[in-house]
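Q: Sharing a structure below in structure tokens format, with a few things to ask.
Rendered as structure tokens:
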């Protein structure tokens, strides 16, 4: 092929296709073109050559053109998106602006709610603190000593009130003569002033409530207007979202169609794969059937051999049974002949018996020799088999013995290891028991120490409570003394020691004051004082454990 200016030369021999191999010597450079070769040359114009080349390269150029067009569209789309993403006069921009404003508003409202929650939490914490303090105070007031002291305080107030009532009664009796009118006028004037003051307070409260109602009404109207405006904005935003959802659903339907087509293609490929797999399984099944057929042929042959062996054994048994039947028939005939002619039968029987004996003896001899020979052969065979069997058994026994010895060694090693593990476990268990006993003893000592420490703390707490109670009682008694009240019940209730008994205070038991009752039906509490009326009894019965008709009682 040669290119010369505006033309193209292309030649081939007659009867030779374009794709055929040229004859030998065609590539020889020394060979010059003949006149016949020159006649077979085809000349193409530049336009035809370009048309043929364009036809051949049409597919690649179309692909390149589509790819360039797609890239250009993508670039224009990206450029448009970058250009309009910050515009505020578009629907998306307005929506984005509303979303940003809404987010800012929600953040502000959330900050306000957080501040309100913080203030509410502080208020609730203060309320809890006050409630706890009040509960502690009420709990302290519910203790026996404080309740008793408050009872004494109430008795003091009652006594004071009683004294005041007596004094008032005395003064009224002294002033009833001429002061009733002045007191009545003064009481009437005070009553009228109180009624006027209450009226002024009621009018002021009504005005304040009216102002609050007007303010709340304005707030309600403002809230209603804000709600209506938000509803209109939400409706408009919903319309925008609806249009966007429709566009989204359209695009999604297109994508779903593409995905469905891909799934159809994938299903076709899967079905082709399943068909190929079924062919492979069918070939494997045919191979397995051929193997099973060979197995069935082998089993049938084995079954036939077993059947023939059984038939042979049955034939031998029938022959033996026929021989026995012949012997029985023969003996039966002999017995019949004996009954017919006993003498002849005896003679014939003797002759026959002698002949039979001789024959039998000969047969016995032959059979004996044969049996001895067969027995000798059988014995030799049995001996050989027995020797072989004994050797085999001995070999198996030796192998079993070796296996058993190895198993015994392994078992002994395992038992030794097991015993060692048991000993180690027992030793660890003993150490653990010793450690546990020590820990238990330490725990017991620790618990005793904790109990002692707890008792000590309890005593300290009781002492502190006693001190707080005495301080509280002292303040109340001082206040009552300043108010000129009778403080004897308070001083009696504020004495040292827990409990309302008349016994001595036990310092080692937390300062309790127990009660002691007499041993009779009256259950009267023994008093707390000491007299010398029992000294004579104590001195006269010193060291004497005999009964006495007098009751000693308690002495402090």
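Residue numbers (the UniProt record's numbering): 1 to 556. Note that the Cβ used here is the ideal one computed from N, Cα and C, for glycine as well.
For a cutoff of 8 Å on Cβ pairs, would you count residue 354 as touching chain D?
A: Within the model displayed, chain D is absent; a lone protein chain is all it includes.
Q: Can you say whether residue 51 is buried or exposed, counting buried as having 16 or more other CB atoms within 10 angstroms of its CB?
A: As a first step, residue 51 must be located in the chain shown, where it is residue number 51. Exposed: under 16 other Cβ atoms inside 10 Å.
Q: Within the chosen definition, does the segment 223-233 reach the segment 68-86 through at least 3 CB pairs nearer than 8 Å?
A: At 8 Å Cβ cutoff, the stretches do not touch.
Q: Helix, strand or coil: which one does DSSP assign to residue 496?
A: To locate residue 496, count along the chain shown from 1; it is residue 496. Residue 496 falls in the coil class under three-state DSSP.
Q: Smallest Cα separation from residue 466: which of 303, 513, 519?
A: Looking up residue 466 in the chain shown gives position 466. For residue 466, the nearest C-alpha among the options comes from 513.
Q: Whole angstroms is fine: what's the gap from residue 266's alpha carbon to residue 307's?
A: Residue mapping note: residue 266 aligns to position 266 of the chain shown, counting from 1. Residue mapping note: residue 307 aligns to position 307 of the chain shown, counting from 1. Those two C-alpha atoms are separated by around 60 Å.
Q: Can you give the Cα-Cα distance for residue 301 and residue 272, rounded to whole angstroms?
A: Translated into positions along the chain shown, residue 301 becomes position 301. Translated into positions along the chain shown, residue 272 becomes position 272. One C-alpha to the other measures close to 44 Å.
Q: Using the rule of at least 16 other Cβ atoms within 10 Å of the residue's Cβ for burial, across every protein chain shown, is residue 186 buried or exposed?
A: As a first step, residue 186 must be located in the chain shown, where it is residue number 186. It is exposed - the Cβ of residue 186 has fewer than 16 other Cβ atoms within 10 Å.
Q: Can you tell me whether residue 170 is helix, strand or coil according to DSSP?
A: Locating residue 170 in the chain shown gives position 170, counting from the first residue. In the structure shown, residue 170 sits in a helix (DSSP, three-state: H, G or I).
Q: Label residue 127 either buried or exposed according to how many other C-beta atoms from any shown protein chain fall within 10 Å of its C-beta, with 16 as the threshold for buried.
A: Taking the chain shown and counting its residues from 1, the one referred to as residue 127 is at position 127. Result: exposed.
Q: Three or more C-beta pairs closer than 8 Å, one from the segment 478-494 and one from the segment 139-154: is that the case here?
A: With a cut-off of 8 Å, the segment 139-154 and the segment 478-494 count as touching, because enough Cβ pairs lie within range.
Q: Just to confirm the assignment, what range does the alpha helix (DSSP H) spanning residue 50 have?
A: As a working mapping, residue 50 is identified with position 50 in the chain shown. Counting along the chain, the alpha helix (DSSP H) containing residue 50 begins and ends at 46-56.
Q: Would you give the residue range spanned by the alpha helix (DSSP H) that residue 520 belongs to?
A: Here residue 520 corresponds to residue number 520 of the chain shown, with the count starting at 1. Element bounds for residue 520: n/a, residue is neither H nor E.
Q: Rounded to whole angstroms, what's the CA-CA distance from residue 160 to residue 111? Just pull it up for me.
A: Locating residue 160 in the chain shown gives position 160, counting from the first residue. Locating residue 111 in the chain shown gives position 111, counting from the first residue. Spanning the two alpha carbons is a distance of roughly 60 Å.
Q: Using C-beta distances below 7 Å, list every residue in its chain close to residue 156, excluding the 5 sequence neighbours before and after it, in chain order.
A: Here residue 156 is taken as the residue at index 156 of the chain shown, counted from 1. Within the same chain, residue 156 has close Cβ partners 480, 485, 486, 487, 489, 490.
Q: To the nearest angstrom, report how far apart residue 407 and residue 395 are at their CA atoms.
A: Translated into positions along the chain shown, residue 407 becomes position 407. Translated into positions along the chain shown, residue 395 becomes position 395. Whole-angstrom Cα-Cα distance: 18 Å.
Q: Is residue 398 buried or exposed, if buried means 16 or more other CB atoms sit within 10 Å of its CB?
A: Reading the chain shown from its first residue, position 398 is the one you call residue 398. By the neighbour-count rule (16 or more Cβ atoms within 10 Å), residue 398 is not buried but exposed.
Q: Have a look at the DSSP bridge pairing and note the partners of residue 525.
A: By 1-based counting over the chain shown, the position of residue 525 is 525. DSSP, once it has assigned bridges, lists 517 as partnering residue 525.
Q: Rounded to whole angstroms, what is the Cα-Cα separation between residue 374 and residue 368?
A: The residue labelled residue 374 in the question sits at position 374 within the chain shown. The residue labelled residue 368 in the question sits at position 368 within the chain shown. Rounded to whole angstroms, residue 374 to residue 368 spans 9 Å at the Cα level.
Q: Using the Cβ count rule (16 or more neighbours within 10 Å means buried), how would you classify residue 153?
A: The residue given as residue 153 occupies position 153 in the chain shown. Its Cβ being crowded by 16 or more others within 10 Å, residue 153 is buried.
Q: For residue 90, name the three-state secondary structure that DSSP assigns.
A: Start at 1 with the first residue of the chain shown, and residue 90 comes out as number 90. Coil at residue 90, not helix or strand.
Q: When burial is assigned at 16 or more other CB atoms within 10 Å of the CB, is residue 47 buried or exposed?
A: What you label residue 47 is simply residue 47 of the chain shown in a count that begins at 1. With fewer than 16 Cβ atoms within 10 Å of its Cβ, residue 47 is classed as exposed.
Q: Going along the chain, which unbroken runs of the beta strand (DSSP E) with 3 or more residues stay wholly within the segment 422-469?
A: List check, beta strand (DSSP E) in window: nothing returned.
Q: Secondary structure at residue 306, three-state DSSP: helix, strand or coil?
A: What you label residue 306 is simply residue 306 of the chain shown in a count that begins at 1. Note: residue 306 maps to helix in three-state DSSP.
Q: Using the Cα positions of residue 475 and residue 496, report the straight-line distance between them to the nearest angstrom.
A: As a first step, residue 475 is located in the chain shown; it is residue number 475 there, counting from the start. As a first step, residue 496 is located in the chain shown; it is residue number 496 there, counting from the start. Approximately 16 Å between the Cα atoms of the pair.
Q: Let me know if residue 255 comes out buried or exposed under the rule of 16 or more other beta-carbons within 10 Å of its beta-carbon.
A: Within the chain shown, residue 255 is the residue found at index 255, counting from 1. Classification for residue 255: exposed.
Q: Quick one: grab the DSSP three-state call for residue 487.
A: Mapped onto the chain shown, residue 487 falls at position 487. Residue 487: coil per DSSP, three-state reduction.
Q: So, helix, strand or coil for residue 28, using DSSP?
A: In the chain shown, the residue the question calls residue 28 occupies position 28. Low per-residue confidence applies at residue 28: pLDDT is 44, beneath 50, and the placement is therefore not dependable enough to give any value.
Q: State buried or exposed for residue 280, treating a residue as buried only when at least 16 other CB atoms are found within 10 Å of its CB.
A: Taking the first residue of the chain shown as position 1, residue 280 is located at position 280. Classification of residue 280: exposed, given that the 10 Å Cβ count is below 16.
Q: Is the separation between the beta-carbon of residue 494 and that of residue 473 shorter than 8 Å?
A: On the chain shown, residue 494 is found 494 positions in, with the first residue counted as 1. On the chain shown, residue 473 is found 473 positions in, with the first residue counted as 1. In contact: residue 494 and residue 473 (Cβ atoms closer than 8 Å).
Q: Thinking residue 239 and residue 98 are a contact (beta carbons under 8 Å), I'd like their distance in whole angstroms, please.
A: Taking the chain shown and counting its residues from 1, one reaches residue 239 at position 239. Taking the chain shown and counting its residues from 1, one reaches residue 98 at position 98. Wrong, their Cβ atoms sit about 13 Å apart, outside the cutoff.
Q: State buried or exposed for residue 132, treating a residue as buried only when at least 16 other CB atoms are found within 10 Å of its CB.
A: Taking the chain shown and counting its residues from 1, the one referred to as residue 132 is at position 132. Per the 10 Å Cβ criterion, exposed.
Q: When the Cα atoms are used, what is the spatial distance from residue 145 to residue 483?
A: Residue 145 sits at position 145 when you count from the first residue of the chain shown. Residue 483 sits at position 483 when you count from the first residue of the chain shown. Straight-line Cα distance between these residues: approximately 23 Å.
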